[in-house]
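Here the structure is laid out as structure tokens; the discussion comes afterwards.
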């Protein structure tokens, strides 16, 4: 359902004149439907002599949040513009026209995510400019109640592709901003892959990596200011993935293109496409409270509708996964059968066979698929994405990077009864690799195959357009316990930062819930590990521990894992602070589950208010830390919406609450 009408209220069309350099400068403002979020566009010589040189007739924007005297800057005047190989749209621009303000109200459904039923309401305006040579540039602005977005559009029609040299877009933080940002990984055999940590930094901080900073970046504009998360959306095969420069002079973080060395040097750095051409959306999720950021679906809102008409075959679910506890297990038919048996015992929907299953001893994947089917378990298979763009030897490889062999492979998998694939090691954000992602999703959908991307780029809302995309890695996840000695000490703080950053923008295949130890033992408690299954959102929930670890669980946590959903009808942020703690409630049907995470070294008692519940009474099953870190404590009680539940957590602890309505 989609309706469009024109909205001419003062909340949309009024101008915010603060910070304008002179009377000849032109400004336009687009405000959200509720009037609390606004993006202002300015065509001026320089809004701030400290931050910018006096370029002539250049575009800038700023973002504000709040009402009346309480309105605050989220981003100060920040630069806009494109520089093509043959056209300059960075300065000497002339305003030509603006569209009428349109309010768009649409509803759509997600098969997994923070909620199933989504409503996308925003105000949109398009501003047209010409450069010194008379070539046209359009800037599309959107303002929603949970943020703003903009994209460039090059109209017209050409037979020769235009080439983007660089984008002038930047994000200027306020002086009192606090940020949580993650560095871009330097290109290498297993990088980039969005797998660094999220330190708290001051505005203007340089990246510790030469390749700059990646999306998303979480901001708080002052001690009591609004929250924001910067990212991008709707990247497709016509463009590349972007990030931010290493240096941020005067607190301006400018966009940059991928590195030449990404993908083993394969592919062009500069994106190119025939006109008409649009860039991805540059997105700033904005809210007066942190809950607005955590609960936002703005990234999927900005993507095209689903291209799959019949989605009945797409089934999110829980997955048994052997690789974490035994890297060689995918080559052992007997070990894979054990994890299929585990999935059946735990009522999990799938089992994943990871890298090098082509070398399996004692049987093959066709026999394994038949065995899984007899147990009512779907089988998922791992693939290498390469290709010349990586040198990782794990197999199978060479079946996913080109259309013809990929289509043949998808047809073969469909004949075998394989339900989904995990495709790994992309190592590039260049345009050519964005095309590989899109091709995999398209060809998999044709054969009713679900997809998980690993060693991959950041989610940019593709799961709306291609709902067969179940999850993506792009995170420093639990596999790091098997190879990264520094990870255990960093994981607790990371775990309570990811829900405010990486997991905001899309499903996250962290592979949680490891009660036993790998090469480097975890310092999080068992209650903390259990809570990750609800704290993190993913369409496929890969449960990473040994089969014996799950079989040996006490009754209450085992029952919790047998029934924990991966599809949520609603998400409610309750409380928390990035890097310290996180409390969230998620609903499936009439049943709620609450996750409590403590990322700090001190024990805490967390009070969980139940005001999100309906008017009926609920039975609560509370599972939290026991007396020792590797023990659980459980209790049951009857509660209602006016109550609160006290959760005692150990250092680096946590727990869950399961709430069932009493009928």
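Numbering (our numbering), first residue to last: -3 to 659.
By construction, the Cβ of each residue, glycine as well, lies at the ideal position given by its N, Cα and C atoms.
*In the DSSP assignment, find the unbroken beta strand (DSSP E) run with residue 431 in it and report its ends.*
Stepping through the chain shown from its first residue, residue 431 is reached at position 435. Taken as a continuous stretch (DSSP letters only), residue 431 belongs to no beta strand (DSSP E), being part of the alpha helix (DSSP H) at 427 to 442.
*How would you label residue 185, buried or exposed, when you count the other beta carbons within 10 angstroms and need 16 or more for buried?*
Indexing the chain shown from 1 puts residue 185 at position 189. Residue 185 should be labelled exposed.
*Under 8 Å, do residue 59 and residue 280 count as touching if we go by C-beta distance?*
For the purposes of this step, residue 59 is taken as the residue at position 63 of the chain shown. For the purposes of this step, residue 280 is taken as the residue at position 284 of the chain shown. In this structure, residue 280 lies closer than 8 Å to residue 59 by Cβ.
*By the 10 Å Cβ neighbour count, where 16 or more other Cβ atoms means buried, how is residue 497 classified, buried or exposed?*
Within the chain shown, the letter at position 501 stands for residue 497. Under this definition residue 497 is a buried residue.
*Can you list the beta strand (DSSP E) stretches of 3 or more residues lying completely in the segment 28 to 96, in chain order?*
33 to 40, 54 to 61, 68 to 75, 78 to 80 and 90 to 94
_Check this for me: beta carbons of residue 503 and residue 468, under 8 Å apart or not?_
One-based indexing of the chain shown puts residue 503 at position 507. One-based indexing of the chain shown puts residue 468 at position 472. A contact, by the Cβ cut-off of 8 Å.
*Check each candidate in 291, 346, 306 and 456 and name the one with the smallest Cα separation from residue 312.*
Translated into the one-based positions of the chain shown, residue 312 becomes position 316. Measuring from the Cα of residue 312, the nearest candidate turns out to be 346.
*asked:* From the DSSP secondary-structure annotation, give me the bridge partner or partners of residue 605.
replied: Numbered from 1 along the chain shown, position 609 holds the residue referred to as residue 605. 640, per the DSSP bridge assignment.
*Find the nearest neighbour of residue 236 within the set 248, 269 and 205, judged by alpha-carbon distance.*
The residue given as residue 236 occupies position 240 in the chain shown. Checking every option, the nearest Cα to that of residue 236 belongs to 269.
_residue 567 versus residue 598: straight-line alpha-carbon distance, rounded_ = The sequence position of residue 567 within the chain shown is 571, counting from 1. The sequence position of residue 598 within the chain shown is 602, counting from 1. In a straight line, the C-alpha of residue 567 is about 27 Å away from that of residue 598.
*Select from 98, 218 and 114 the residue whose C-alpha is nearest the C-alpha of residue 66.*
Counting from one through the chain shown, the residue named residue 66 turns up at place 70. Here the closest residue by C-alpha is 218.
*Write down the C-beta distance between residue 190 and residue 364 rounded to the nearest angstrom, noting that I regard them as a contact closer than 8 Å.*
The residue given as residue 190 occupies position 194 in the chain shown. The residue given as residue 364 occupies position 368 in the chain shown. Going by Cβ atoms, the distance from residue 190 to residue 364 rounds to 31 Å, so no, they are not a contact pair.
*Could you check the C-alpha separation between residue 83 and residue 131 for me, to the nearest Å?*
Locating residue 83 in the chain shown gives position 87, where the first residue counts as 1. Locating residue 131 in the chain shown gives position 135, where the first residue counts as 1. One C-alpha to the other measures close to 8 Å.
*Do the segment 139 to 155 and the segment 166 to 183 meet, that is, are 3 or more Cβ pairs less than 8 Å apart?*
no
*Could you tell me the boundaries of the alpha helix (DSSP H) in which residue 491 lies?*
If you number the chain shown from 1, residue 491 lands on position 495. It spans 483 to 491 - the alpha helix (DSSP H) in which residue 491 sits, taken as one unbroken run.
*asked:* Could you compute how far the alpha carbon of residue 407 sits from the alpha carbon of residue 443?
replied: Position 411 of the chain shown, counted from the start, is the residue given in the question as residue 407. Position 447 of the chain shown, counted from the start, is the residue given in the question as residue 443. The alpha-carbon atoms of residue 407 and residue 443 are separated by roughly 6 Å.
_Tell me the rounded alpha-carbon separation between residue 210 and residue 120._
Taking the first residue of the chain shown as 1, we reach residue 210 at position 214. Taking the first residue of the chain shown as 1, we reach residue 120 at position 124. Cα to Cα, residue 210 sits roughly 27 Å from residue 120.
*Spatial neighbours of residue 538 within its chain, please: CB distance less than 7 Å, with the 5 preceding and 5 following residues excluded, ordered by chain position.*
Within the chain shown, numbered from 1, the residue matching residue 538 stands at position 542. Cβ neighbours of residue 538 beyond the five flanking positions: 315, 317, 348, 505 and 507.
*Selected residue, minimal CA-CA separation from residue 527, among 618, 353 and 48*: Taking the first residue of the chain shown as position 1, residue 527 is located at position 531. That would be 618, whose Cα lies nearest to the Cα of residue 527.
_CA-to-CA distance, residue 207 to residue 278, given in whole angstroms_ = If you number the chain shown from 1, residue 278 lands on position 282. If you number the chain shown from 1, residue 207 lands on position 211. Roughly 19 Å between the two C-alpha positions.
*What did DSSP end up calling residue 186 once you bin it into helix, strand or coil?*
By 1-based counting over the chain shown, the position of residue 186 is 190. Three-state result, residue 186: coil.
*Taking DSSP as the reference, what is the three-state secondary structure of residue 581?*
Taking the chain shown and counting its residues from 1, the one referred to as residue 581 is at position 585. Residue 581 falls in the strand class under three-state DSSP.
_Counted within 10 angstroms of its Cβ, other Cβ atoms place residue 176 as buried (16 or more) or exposed_ = Working through the chain shown from its first residue, we reach residue 176 at position 180. Buried, by the Cβ-count rule.
*Please look up how many angstroms separate the CB atoms of residue 436 and residue 402, rounded, as I've assumed it's under 8 Å.*
Translated into positions along the chain shown, residue 436 becomes position 440. Translated into positions along the chain shown, residue 402 becomes position 406. Right, their Cβ atoms sit about 7 Å apart.
*DSSP state of residue 147, grouped into three classes?*
One-based indexing of the chain shown puts residue 147 at position 151. Looking at residue 147 - three-state DSSP - the assignment turns out to be strand.
*Going by C-alpha distance, which of 570, 485, 47 and 374 is nearest residue 343?*
Taking the first residue of the chain shown as position 1, residue 343 is located at position 347. Considering only alpha carbons, the answer is 374.
_Helix, strand or coil at residue 630 [DSSP, three-state]_ = What you label residue 630 is simply residue 634 of the chain shown in a count that begins at 1. Strand.
*What first and last residue would you give for the beta strand (DSSP E) that runs through residue 98?*
Here residue 98 refers to the residue found at position 102 of the chain shown. First-last of the beta strand (DSSP E) with residue 98: 98 to 105.
*For the beta strand (DSSP E) that residue 349 lies in, which residues bound it at each end?*
Here residue 349 refers to the residue found at position 353 when the chain shown is read from its first residue. Residues 346 to 349.
_Buried versus exposed, by CB contacts within 10 Å (16 or more), residue 355_ = Position 359 of the chain shown, counted from the first residue, corresponds to residue 355. Burial call: exposed.
*Can you name the residues that DSSP bridges to residue 134?*
Residue numbering aside, residue 134 sits at position 138 when the chain shown is read from its first letter. 124 and 149, per the DSSP bridge assignment.
*Does the Cβ of residue 292 lie closer than 7 Å to at least one heavy atom of the ligand SAM?*
For the structure depicted, the ligand SAM is absent and the ligand set is empty, with no information on it obtainable.
_Spatial distance of residue 658 from residue 536 (CA atoms)_ = Here residue 658 is taken as the residue at index 662 of the chain shown, counted from 1. Here residue 536 is taken as the residue at index 540 of the chain shown, counted from 1. C-alpha separation (whole angstroms): 29 Å.
*asked:* Taking its Cβ as the centre, do 16 or more other Cβ atoms sit within 10 Å of residue 305, making it buried, or is it exposed?
replied: On the chain shown, residue 305 is found 309 positions in, with the first residue counted as 1. Flag for residue 305 reads exposed.
*Grouping DSSP H, G and I as helix and E and B as strand, with all else coil, what is residue 524?*
Reading the chain shown from its first residue, position 528 is the one you call residue 524. Correct three-state label for residue 524: helix.
*Candidates 415, 575, 480 and 70: which alpha carbon is nearest residue 710's?*
Any question about residue 710 goes unanswered here, given that the chain covers just -3 to 659.
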